[in-house]
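Protein chains in written order, with the UniProt record's numbering: chain A, 1 to 141; chain B, 1 to 141; chain C, 1 to 141; chain D, 1 to 141.
Each residue gets a CB set at the ideal place from its N, CA and C atoms; glycine is no exception.
These figures come from a predicted structure and were not determined experimentally.
For reference, the structure discussed in these notes is given below.
Protein chains: 4
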Amino acid sequence: MNDLFERISTSFHAQGLMQTLGASLVSVQPGEVQIVLPYQKALSQQHGFLHAGAVSSVVDSAAGYAALTVAAEGYEVVTAEFKINLMRPAIGERFVAIGKVVNAGKLLTVCSGEVLAYGADAAAAPKVVALLQATIVNVKY
Amino acid sequence: MNDLFERISTSFHAQGLMQTLGASLVSVQPGEVQIVLPYQKALSQQHGFLHAGAVSSVVDSAAGYAALTVAAEGYEVVTAEFKINLMRPAIGERFVAIGKVVNAGKLLTVCSGEVLAYGADAAAAPKVVALLQATIVNVKY
Amino acid sequence: MNDLFERISTSFHAQGLMQTLGASLVSVQPGEVQIVLPYQKALSQQHGFLHAGAVSSVVDSAAGYAALTVAAEGYEVVTAEFKINLMRPAIGERFVAIGKVVNAGKLLTVCSGEVLAYGADAAAAPKVVALLQATIVNVKY
Amino acid sequence: MNDLFERISTSFHAQGLMQTLGASLVSVQPGEVQIVLPYQKALSQQHGFLHAGAVSSVVDSAAGYAALTVAAEGYEVVTAEFKINLMRPAIGERFVAIGKVVNAGKLLTVCSGEVLAYGADAAAAPKVVALLQATIVNVKY
């Protein structure tokens, strides 16, 4: 498992965009990866909420890395396509993107994802702000 | 037309994420908006190409603003959902995201989008790296 | 609950396509609807498997009716869009489409769906052949 | 070209669902396929319009066959996923589904599609009732 975390972490830190957004890898399990993104004004849309592009960026990455956790040796992954529903305004102090493998084929892996918004009240339940469904391709390198 | 550009431009500049990515609004026509994004390492994925999240961010914004150009007075827009195909590695010096209105309903506007990659060779034709289909909601404010 | 089943059932039986496909409504709960579709050659694609169009038809209907179970009085629903991953060949004797509400807004309801394939062996676990994510609009009638 | 039409036509006629729906192949060009579907009550949803499932079935098939026209020798195609926007009620006497190749990769082909509705008035312009974006996989047989 430590090896798995390290493998994903090395790739994650090589993603300039994840550093620019201020995202961190928080959990790597076989078939599931979580990324946290603290809110900052620099990631906002015009009303000050988290921009759909930032929401999409972290959950696409979480889904892609979830697929990577189940890819065969010698393969890496690229996102062929994803679809995301932005179900409510992304208002919060901290966002957690969760990517999960739904079906791992030889060639294509289908993942689902969601983004949870956490507010200032630590006791309050998070709200699901986005729902994703993605197709990831295994590519030999 | 100038009024239209100004209206979109004001909203665009209020988007922290567009500033953080270094994106600019280049063209606003009724039903079509173009955004340019110069490549920088800070927007990359692990291989140095433009991250799918950055690609998605600019083309989602272009589609949303295209919808806004045809929205009725007193309405603004939010993206309900989008689907994007990342058709080839986003390699280039400069990317142009084009959002277009396909169908404008009273409540929902359907937009298509694409992202073109331009390389160092100014004479070379750009490559379409991504294709988007989005559903935008008109919201009274 | 009986009222709910009857309300959905009346609409379901008015759908010519569901009759033509041979689909039946098997379960209606608040937020979840199940439809069963027995395999027949008349619904096949070129290899004899269940056609993606038939798969999509029943799971789109299941998702739409799931949304209807949570719609306010005086509203009906229409599917604005859906996205479906056809994860493996739809081989089976009987298919069960399950639609579930993920988020019910005032205007839009987001549903997920899946299609399970059951074979001749009653003891064998079904296989998930398709995964759906849909946006349903509440419309006043 | 005649060979191409014949190759697609043979596969099309082996699709039980296309026969059941009453769909016909009308045009096969490299990268573009058209299918026509006459309206009948047996394909309706609860208001008598063409069911979204029937709309999806024909345009998914048109997109898949468009991909097949550009697939390499010895390959056939399967739809990995598609996303469809149902932009207006599918009211008409006759529907034409058009599938087009947007990008043909070695492994994956991205297609767009649309469904046009034609009414009784032959002089009237058709209405675009649905817009599709699909990912098709090339599979060696």
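Residue pairing of ILE98 of chain B in beta bridges, as defined by DSSP: B:GLN34 and B:GLU114. Proximity of LYS106 of chain D to chain B, defined by a Cβ-Cβ separation below 8 Å, is not satisfied.
Relative to LEU131 of chain D, the option among D:THR20, D:VAL28 and D:SER57 whose CA is nearest is D:SER57. Less than 8 Å divides the Cβ of TYR65 of chain D from the Cβ of PHE12 of chain D.
Straight-line spacing of the CA atoms in VAL139 of chain C and LEU108 of chain C works out to 9 Å.
In the structure shown, GLU93 of chain B adopts coil according to DSSP, grouped into three states. Looking only at A:GLY119, A:ALA120, A:ILE98 and A:SER9, the smallest Cα-Cα distance to SER112 of chain A is reached by A:ILE98.
In chain order, PRO89 place their CB closer than 8 Å to the CB of HIS47 of chain D, counting only its own chain and leaving out the 5 sequence neighbours on each side. Classified as exposed, THR10 of chain D has fewer than 16 neighbouring CB atoms from the shown chains inside 10 Å of its CB.
For PHE82 of chain A, the secondary structure class from DSSP, reduced to helix, strand or coil, is strand. Take ALA62 of chain A, set aside five residues on each side of it, and the residues of its chain with a beta-carbon closer than 8 Å to its own are VAL33, GLN34, ILE35, ALA97, ILE98, GLY99 and GLY113, in chain order. Counting the other Cβ atoms within 10 Å of the Cβ of ASP60 of chain B gives 16 or more, which makes it buried. The beta carbon of LEU116 of chain D sits no closer than 8 Å to any beta carbon of chain C. Distance from the CA of ALA67 of chain A to the CA of LYS41 of chain D, rounded to the nearest whole angstrom, comes to 44 Å. Residue environment analysis places ALA52 of chain B among the buried positions, since at least 16 neighbouring C-beta atoms fall within 10 angstroms of its C-beta. By the neighbour-count definition (other C-beta atoms within 10 Å, threshold 16), VAL26 of chain A is an exposed residue.
Straight across, the Cα-Cα distance linking LYS127 of chain C with VAL55 of chain C is about 13 Å. The beta carbon of ALA117 of chain A is closer than 7 Å to those of ALA90, ILE91, GLY92, PHE95, PRO126, LYS127 and VAL129 in its chain, skipping five residues each way along the sequence. DSSP, reduced to helix, strand and coil, places LEU131 of chain C within a strand of the structure shown. Here ILE84 of chain B is near PHE82 of chain A, since their CB atoms are less than 8 Å apart.
For LEU17 of chain C, the closest alpha carbon among the candidates C:ALA120, C:VAL102, C:GLN29 and C:LEU43 is that of C:LEU43. Per DSSP, reduced to three states, the secondary structure at TYR65 of chain D is helical.
By the beta-carbon neighbour count (other beta carbons within 10 angstroms, threshold 16), GLN29 of chain B is exposed. Neighbourhood of VAL128 of chain D in chain B, by CB distance below 9 Å: VAL102 and ASN103, in chain order.
CA-to-CA, the gap between MET87 of chain A and VAL102 of chain D works out to about 29 Å. The continuous beta strand (DSSP E) containing LEU25 of chain C extends over residues 24-29. By alpha-carbon distance to GLY74 of chain B, the top candidate from B:ALA80, B:LYS106, B:GLY22 and B:ALA134 is B:LYS106. The residue among A:ALA80, A:GLY119 and A:SER24 with its C-alpha nearest the C-alpha of ILE136 of chain D is A:ALA80. Distance check between ALA104 of chain A and each of A:ALA71, A:LEU50 and A:LEU21 places A:ALA71 closest, using alpha-carbon atoms only.
For the UniProt domain "Thioesterase" (47-116) of chain A, residues whose beta-carbon sits nearer than 9 Å to a beta-carbon of chain D comprise ALA80, GLU81, LYS83, LEU107, LEU108 and VAL110. Distance between ALA122 of chain C and VAL78 of chain D, taken at the CA atoms: about 28 Å. Residue contact with chain D for LEU25 of chain C: absent (no Cβ-Cβ distance below 8 Å to any residue of chain D). Counted as a single uninterrupted DSSP element, the alpha helix (DSSP H) harbouring GLY16 of chain D occupies residues 16-21. The three-state reading of DSSP puts LEU4 of chain B in helix, counting H, G and I together.
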